[in-house]
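Q: The structure that follows is given in the form of structure tokens.
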């Protein structure tokens, strides 16, 4: 016979259950911070502000760090201006190779991601480690971001957390009830975050 899971008063999760949920959140959130993970990099799409290293085999003059401009474009010798924002590393490598093929027979182009300041989310307010955090995985949720920020402080207002998102030049506020999500309710509020999102914990 399976042992029953005990709850605290009013059906609330016990401390052990809350810790188990946080453990699961951390187990997903920590890999999301591993910016050197090749698996995560496969699906990463470049954003303005990101820095990539581009090199062409046996072409020492074609090796440099390149910044993705605010308009999402980059410039590279012989290749000229190219779109980079929204592309994966492999996509960009292929685009540069196609441009260089006009001047170099079958060029071997290597593109590596150096820094990702352009793809970050921000957590502020009553959390233990407020700050900005890189989004490498496409599916970093609000709960995972709060875990990255060290969790809530004892006096945080768990019911009135807000996610601030800029859309079409306007600021949008998205409600998040930490207490209910921890209970397994309102899980639709645990949305995937986008670059530039700000989580405010009052």
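Numbering (the working numbering), first residue to last: 137 to 338. Glycine is no exception: its CB is placed at the ideal position from the N, C-alpha and C atoms.
What do you get for residue 236, buried or exposed, if any count of 16 or more other CB atoms within 10 angstroms of its CB means buried?
A: Answer is buried; the Cβ neighbour count reaches 16.
Q: Rounding to the nearest angstrom, what Cα-Cα distance links residue 303 and residue 240 in this structure?
A: The straight-line gap from Cα to Cα measures roughly 42 Å.
Q: Can you confirm whether the segment 285-296 touches the segment 259-269 when touching is taken to mean that 3 or more C-beta pairs between the two stretches lie within less than 8 Å?
A: Touching, yes, given that three or more Cβ pairs across the two stretches are closer than 8 Å.
Q: Would you check if there are 3 or more beta carbon pairs closer than 8 Å linking the segment 239-253 to the segment 310-330?
A: These segments do not touch.
Q: How many whole angstroms separate the CB atoms of residue 278 and residue 329, which I take to be in contact at a CB cut-off of 8 Å?
A: Contact holds; Cβ gap of about 7 Å.
Q: Tell me the DSSP bridge mates of residue 258?
A: Answer is 268 and 334.
Q: Along the beta strand (DSSP E) that carries residue 307, what are the first and last residues, could you check?
A: Per DSSP, residue 307 belongs to the beta strand (DSSP E) from 306-312.
Q: Looking at the structure shown, is residue 214 part of a helix, part of a strand, or coil, going by DSSP?
A: If DSSP states are grouped into helix, strand and coil, residue 214 belongs with coil.
Q: Roughly how many angstroms lie between the CA atoms of residue 201 and residue 253, to the nearest whole one?
A: Cα to Cα, the separation comes out at about 14 Å.
Q: Decide yes or no for the touch test of the segment 179-187 against the segment 203-214: beta carbon pairs closer than 8 Å, at least 3 of them.
A: Yes, since at least three Cβ pairs between the segment 179-187 and the segment 203-214 fall closer than 8 Å, the two stretches touch.
Q: State the beta-bridge partners of residue 203 as determined by DSSP.
A: Partner(s): 187.
Q: Which whole-angstrom value describes the C-beta separation of residue 182 and residue 221, a residue pair presumed to lie in contact below a C-beta threshold of 8 Å?
A: Correct: roughly 6 Å between the Cβ atoms.
Q: Specify the secondary structure class of residue 229 as computed by DSSP and reduced to three states.
A: It is helical.
Q: Roughly how many angstroms separate the alpha carbons of residue 195 and residue 233, rounded to a whole number?
A: Between residue 195 and residue 233, the C-alpha separation is close to 13 Å.
Q: Pull the bridge partners of residue 289 from the DSSP assignment, please.
A: None, per the DSSP bridge assignment.
Q: Taking buried to mean at least 16 other C-beta atoms within 10 Å of its own C-beta, is residue 144 buried or exposed?
A: The pLDDT assigned to residue 144 is 48, lower than 50, so where the model puts this residue is not dependable, and the model offers no usable value.
Q: If you drop the 5 nearest sequence neighbours on each side, which residues of the same chain put their C-beta closer than 8 Å to that of residue 256?
A: Correct list, in chain order: 268, 269, 270, 271, 331 and 332.
Q: Nearest to residue 283 by CA position, among 326, 300, 215 and 210, is which residue?
A: Checking every option, the nearest Cα to that of residue 283 belongs to 326.
Q: Between residue 209 and residue 218, is the Cβ-Cβ spacing less than 8 Å?
A: The answer is yes: Cβ separation under 8 Å.
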